[in-house]
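In terms of full-length UniProt numbering, the sequence shown is residues 1 to 92.
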Amino acid sequence: KSGYTEKQRRDFLSEASIMGQFDHPNVIHLEGVVTKSTPVMIITEFMENGSLDSFLRQNDGQFTVIQLVGMLRGIAAGMKYLADMNYVHRDL
């Protein structure tokens, strides 16, 4: 499909604008937005280990309980920050 509806464009820009407000060590940082070419893109910081779900799947069974608790605390801190900002993360 070569283009986007006006609603898709607004939704995309709204998501990028919301992401740009976040400043927390456990929430991915927005680096920029590409809108002058297709596909439009949201550019985020580089995650060395990839997405959280891929990282956990690739390393299944390799973490100690202490490591898992540390990860859960980080995730919870990021989610609390988002909730405090009145944002619901729908993909976690």
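We treat Cβ as the ideally placed atom computed from N, Cα and C, and that holds for glycine.
Which whole-angstrom value is the C-beta distance of residue i and residue j, which I expect to be below 8 Å?
i	j	result
Ile42	Met79	Not confirmed; about 20 Å, so no contact.
His29	Thr44	6 Å
Asn26	Ile66	At roughly 18 Å, the Cβ-Cβ gap does not stay under 8 Å, so Asn26 and Ile66 are not in contact.
Could you please give the first and the last residue of the uninterrupted alpha helix (DSSP H) stretch that includes residue i?
i	result
Leu52	Leu52 to Gln58
Val69	Val65 to Asp84
Glu15	Glu6 to Met19
Beta strand (DSSP E) containing residue i: first to last residue?
i	result
Ile42	Met41 to Thr44
Glu31	Leu30 to Val34
Would a check of beta-carbon distances place residue i closer than 8 Å to chain C?
i	result
Ala76	Absence of chain C from the displayed structure is noted, only one protein chain being present.
Inset, instruction - Flag this pair as touching only if the region 4-23 and the region 62-76 have three or more C-beta atom pairs under 8 Å; answer yes or no. - result: Contact fails: fewer than three Cβ-Cβ distances are below 8 Å.
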